[in-house]
Structures are given as C-alpha cells and as structure tokens.
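In what follows, a single structure is set out as structure tokens and then discussed.
Protein chains: 2
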Amino acid sequence: LLACKDQTSIASSLPSWHDNENSQRLFQFITDVSNTNNKLYVAPKDRIAVFDNDGTLWSEQPAYFQLLFAMDRVRALAESSPELKAQWLEQQPYKAVLENDMKALAASGEKGLIELVMASHTGNDSATSEEYAAVVTQWIKTAKHPSTGKAYTDMVFQPMLELMSLLREKDFKVYIVSGGGVDFMRPWAEQVYGVAPENVIGSSVKLEYEYRNGNPVILRRPKLNFINDKAGKPIAIHQHIGKRPILAFGNSDGDLQMLQWTDANSLPHLSAYIHHTDAEREWAYDQDSPIGQLKQGLTQAAEKNWLVVDMKKDWRKIYPNDQNQ
Amino acid sequence: LLACKDQTSIASSLPSWHDNENSQRLFQFITDVSNTNNKLYVAPKDRIAVFDNDGTLWSEQPAYFQLLFAMDRVRALAESSPELKAQWLEQQPYKAVLENDMKALAASGEKGLIELVMASHTGNDSATSEEYAAVVTQWIKTAKHPSTGKAYTDMVFQPMLELMSLLREKDFKVYIVSGGGVDFMRPWAEQVYGVAPENVIGSSVKLEYEYRNGNPVILRRPKLNFINDKAGKPIAIHQHIGKRPILAFGNSDGDLQMLQWTDANSLPHLSAYIHHTDAEREWAYDQDSPIGQLKQGLTQAAEKNWLVVDMKKDWRKIYPNDQNQ
Ligand SMILES: [Ca+2]
Ligand SMILES: [Ca+2]
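Protein sequences appear in the order of chains A and B.
For this note's numbering, count along the first sequence from 1 and bump the result up by 1053.
For this note's numbering, count along the second sequence from 1 and bump the result up by 1053.
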C-alpha cells in the first residue's frame, strides 16, 4: 500500500523521473522531512536546499554557457567598435574569440577565460548593474546554443525543474549556489527556475556605488570579488544563508565541499550528484572532463552513500521539449 | 470614515506609535503598496524592506553593543589565560579594555576598535562558526548593559518590532542591513526580531573551509572581509538581494547611501530615518555624535521629503518593558 502511494506520488510530482531506487530515495527524503509525524521531520525554516547550476540545472557543454555568452558579447562589442576590434585582434584571449580559434582560447587557461568573462561585460569600461542585466536578458532571449541550436533556457533539466517545484511545495527554501556570475543568473533564474534573485548565490565582481547627479548607480568593475566554487561554496552558503542545507545537488568536484558541508548537518540531510551518463540525449563525461570534472566526488559519494543520479537511467526526459522515454 | 479606519489600524498594528502625521504616512505607504486595487500596489516579490540595526532597531549608546560584547569577551579571555592577559596588558587596544580606560580605547580609533571586535572573538586563534555562535548566544542571554542594567535584547525598540511584524503580515521580506557583524546578529535576530539568518546582512570576516578528519568546519579568521556601511550597504543589498528595496530605515549618515538607493527605486518607495530625540527615555544625539552621527542624512531627508521619525514625539514607548506614554 505504501509503495503504491509513493509510486503515485513520484508519478504525479516527478513525472520525468523513472520510478526506481534513486527517485524513491529522493522522494522519500522529501516527504519524510516535511511530515510532522515522521522522526526525520525538519521545521520549514531549516528546509534549505541548494543547487549548483552548470551541469546540475542546465547543460554545460561544450563550454559553460556564461563563457559562450562572453564570447558572443566580445563579438558584438567588436562589431560595434572598430577601435576595440583592432585592439582585441592583437590581444589574447579576445583574438582567439574573434578568430574562432578554440585551441588558442583553451590555451589562455582559466585566467584568460575569467578575464574574458569579466571584461566582455562592458568592453573596457564598467557597466551599471541595470545595464548589465539588460544585456544578459537580451542575450538569453535570443541566443542559440552552438551545437543543439536550442535556446539556452530550453537546455535546462526538466527533472530538476520538477524537483525544485516539489521542494517549494513542501516549504523548502530553494537556492542556486553556482560558480557562475550571480548577476548573470538573476535576470532569468526566477522565470526559468522559479528561484528569486535573493536566492541566487554566485561568483561576483567588485561593485562600486556612485551617486551620479542625484541618481545612484551600482557599477560593475572588471575585477573578481568572489569565486563561488569548491571551498567557496560552503563559505558563500554561510555568508549568505547562515545555516547548513539539508539537501544539496551538484555535478562536479567543484561541489564536493558543499556536499560535505550538507552531509555534516546534524539535521536529516541528503547530498546528491548528477552524473552525466547520457551521450545520446545530452553529454557523457566525468573524471576526465575539463568541464564539470567529477572524480573525487564519485569516490566520496560511494564512500558516504550519497545519491548519484544517473541521467541516462533515471530520467525519462532531459530537456523540457524532449519526448518521454 | 477612512480616517477612522486608519486610526483603528494604527492603534491595532502599531500600538506603540502615536497616531500622528508620521505614523499615518508610514501606515498609509504599507497599506497602499499591499493593496491590489491601489495605484501604488507592489507585487509581494518586490516588497523588500531593509533595516539598519544599531540605533534603528536597538540602542547604540554609550557604544555599539557589539563593541561592548568584544570588551566583555576580551576580559573573559584574559581571565581564562594568564599568558594572553600578560600579552594584552602590553598591547592596545586590549590594555585599555582590561584597565577600563575608555579614553585610551577611544584613542585607538576605528582601526583599533575593529581589531578589538575581530580578535576578541577568539583570542589569537580562529573559532569555528559554531563556536562563535555559541559564545554570542551565551553572552546575549546573560550580559547586562553598563548604564541601564537591562539585557541587551530588552533594549530593542518596541515600535520597530511592531513595524516589522506588520510588514511581514503584509508579505514584505524584511532584512537587516547592518554595519554589525553578520555572525554576531544571526544567533538571536530570529528570536528577537523575527528575522531569519538568511535575511541578516552585515559586516563579515574572512572565512576558511577546513575538512577536519572528515568533519567540515568553517573557520573565522581575524581579518576583515566586508564593511557593511555607507556605500557598502547598497552594494551588499545588490550582492545579497539583487533588487532595490521599497522601504528602508536607518538612523545615521552610514545609512545615507542605502536610503538613496531605495529612494531611486522606480517602484513606490519610502526612505526613513529614526531621529534620536529622547534624552529621557533613550539618548538624544545627531550631528555631533561620534556614534550614529546624523548630519548629511538630516539635510538630505529634508530635501527629499524622507520620513524622519522623532522618537520622543512619535513613540509611546521605546523599549518593550516601558510604560506607554
Ligand atoms: Ca557544475
Ligand atoms: Ca545605525
């Protein structure tokens, strides 16, 4: 009888998940902690759920989508300013972008890519927070992914959308805790994920306040403020939320510390990895991938019995517009 | 009839406020923005209210309460370690605290006071976030204010407690945005103010994540990370919340930028100052006070027609245990 009841509920609340051991474990955890009569009950104020974004809520291949945004932005800025174009054609990593030289781009390393992401916001100057949000909003509305041709917001994971909806129904506070830029995610996270701006935690650049002729603005400076990755994730969770999550989802070694931090919560908790196993419907990669590397994390997940979601086996569909399987 | 209705509502929702022009303006704003039929209606997701803490939600004389905590802490740590005591008796600003020499303490300046607040957390070492929270919790339960003899949590402003309750009833998201330490406020802000840890924004120290024999901890380092004052306030609001408030309360020039930022919201909004005018029931100070200086702010409030709450004239009582006037 209980099994039947759970089956029904997975089918109605998580219809894009196959009803199997993994989805049952996840569903059981959510119902247990939100049931006042269960010994695993957790008060709503402590029902904190955190989700990595790239590779956990949407795809991240062949490059982080924010990097693809930065590249589109460099091209657009170069088109609008012959001077900037001439300057950038002499300067890596911009030259690599303008010449579509992915090998040279990769050779610029993490530092080059970060510079690209930061500088490309605005060319050489600073943008106000509102100007930047407008650029992101316009891009996310119109840009297409280079290999699928889909809109980026059509490359979010339908099973995760259902999971976040279920959690909110059960009075969880759902946060995004991503290495991506906080101001890159906020303009569309509410509409796409149902996650309000104040629940988005990410990497950030230095900001400056300026009182321009009586009109206050916040300027984004092309200088890193905080990288929300690895040990930065539990630190950002502490700075922003001030308590440990009871549920955490990630997909790479960059999420390991966030999952450890959640795993050491004295309240009932669940740490979980999304494992990219579906080369046909999405991408298959783990320990050898330069993007979303998952190596230590898989080892530790096995040792600690964390949930490891197998995208190929566990999900009926990946993207919202896919057919069920 | 309308006046009657409003009178009744101020009396029932804000009983510690005198029913006058100031409370009516405040009450009217709150009811207008939360009334779907009013042209000033604002959707719940955008009903962001921010409150400074020291001097806005509780008293701040003769010194910021967190500084009094730090001084108590220096004394307690010195008592528990003769070595530390010997060291500190040779070193300002610790020497001043141990010798109760307020003049020498003041002479150590802002830098000295910040060092005191940071180092006093833990002596010379770092504490984990949990250890620090336990120390704060114990102190706030037992410490008494040096001149009133009251518990510090009995020196919060009853009219502001009522205001925050009313705002939450009206689906506002209520935040504290304080120059005080975020980890100093969070352990008691929920119980005292009804403000959950994730809605407390403050100054912070550098944090480090450490995986101690399989037990992850977050260590507080005695090094400043962010000072949430002046231009830092709108910046922190942007980093943490990602949108402009529609209601902001402060009491000093340190809140001026936060009030400007709110005042430039394209949605209906109200910026407000608490003016300390009651030497008898609390303290009276403004432009010449080294603590909570309010000078530029008063000028700009007059120019921009911000609400200026006069504690003496507008509040029937100051502290929860006072008699009504
Ligand atoms: Ca990821
Ligand atoms: Ca203040």
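Beta carbons: idealized from backbone N, C-alpha and C, even for Gly.
Proximity of residue 1256(A) and residue 1291(B) at Cβ, strictly below 7 Å: no
Listed by chain order, chain A residues near residue 1404(B) by CB distance under 9 Å: In the structure displayed, chain B extends from 1054 to 1378; residue 1404(B) sits before or after that span and is not available.
Minimum Cβ-Cβ distance from residue 1323(A) to chain B less than 7 Å: no
Sufficient close CB pairs (3 or more, under 8 Å) joining the segment 1151 to 1165 of chain A to the segment 1214 to 1223 of chain A: no
Residue 1385(A) Cβ short of 6 Å to ligand 1 heavy atom set: Outside the modelled stretch of chain A, which goes from 1054 to 1378, sits residue 1385(A), for which no answer is possible.
heavy atom of ligand 2 below 6 Å from residue 1107(B) C-beta: yes
Contact with chain B by residue 1146(A), beta-carbon distance below 7 Å: no
Chain B contact residues for residue 1268(A), given Cβ-Cβ distances below 8 Å: 1317
Within chain B, partners of residue 1182(A) - CB distance below 7 Å: 1291
Simplified DSSP state of residue 1276(B), which is helix, strand or coil: strand
Assigned secondary structure, residue 1333(B) (DSSP; H/G/I helix, E/B strand, else coil): coil
Beta bridge counterpart(s) of residue 1324(B) as assigned by DSSP: 1301(B)
Length of the line joining the Cα atoms of residue 1211(A) and residue 1372(A): 5 Å
Three-way DSSP call (helix, strand, coil) for residue 1060(A) in this model: Residue placement at residue 1060(A) cannot be trusted, given a pLDDT of 44 that sits under 50; what the coordinates show is reported in the next sentence. Residue state, collapsed to three classes: helix.
Distance between residue 1063(B) and residue 1057(B) (C-alpha atoms, nearest Å): Unreliable positioning characterises residue 1057(B) in this predicted model, as indicated by a pLDDT of 44, which lies under 50. The coordinate reading is nonetheless provided below. So the two alpha carbons sit approximately 10 Å from each other.
Coarse secondary structure for residue 1104(B), derived from DSSP in three states: strand
Three CB pairs or more closer than 8 Å across the segment 1257 to 1269 of chain A and the segment 1142 to 1155 of chain B: no
Cβ-based neighbour list, residue 1305(A), same chain, cut-off 7 Å, excluding 5 preceding and 5 following: 1108, 1345, 1346, 1347, 1350
Ligand 2 heavy atom lying under 6 Å from the CB of residue 1091(B): no
Distance CB(residue 1294(B))-CB(residue 1263(A)) smaller than 7 Å: no
Beta bridge counterpart(s) of residue 1204(B) as assigned by DSSP: 1197(B)
Three-state secondary structure (DSSP) of residue 1094(B): coil
For residue 1333(A) and residue 1249(B), the rounded distance between their alpha carbons: 44 Å
Neighbourhood of residue 1054(B) by C-beta, 7 Å cutoff - its chain only, sequence neighbours within 5 removed: In this predicted model, residue 1054(B) has a pLDDT of only 43, less than 50, meaning its place in the structure is not dependable; the value taken from the coordinates is given anyway. For residue 1054(B), where only same-chain residues beyond five positions count, there are no Cβ hits under 7 Å.
Residue-level contact to chain B via CB, residue 1344(A), 7 Å cutoff: no
Validate contact between the segment 1268 to 1286 of chain A and the segment 1319 to 1331 of chain A using beta carbons, cut 8 Å, 3 pairs: no
Under the three-state DSSP convention, the category residue 1084(A) falls into: helix
Exposure of residue 1284(B), with buried meaning 16 or more beta-carbon neighbours within 10 Å: buried
Reduced DSSP category for residue 1190(B) - H, G, I as helix; E, B as strand; rest coil: helix
Same chain, Cβ closer than 8 Å to residue 1313(B), five either side skipped, listed in chain order: 1287, 1324, 1353
Buried or exposed by the 16-neighbour rule on C-beta atoms within 10 Å, applied to residue 1202(A): exposed
Test: residue 1361(B) CB closer than 7 Å to a CB of chain A: no
Per-residue DSSP class, three states only, for residue 1146(B): coil
Rounded Cβ spacing between residue 1154(A) and residue 1230(A) (contact assumed at less than 8 Å): Actually they do not touch by this definition, with Cβ atoms about 33 Å apart.
Any chain C beta carbon closer than 7 Å to residue 1239(B): In the structure shown, chain C cannot be found, because the protein chains are A and B.
Strand pairing of residue 1089(A), partner residues [DSSP]: DSSP, once it has assigned bridges, lists no residue as partnering residue 1089(A).
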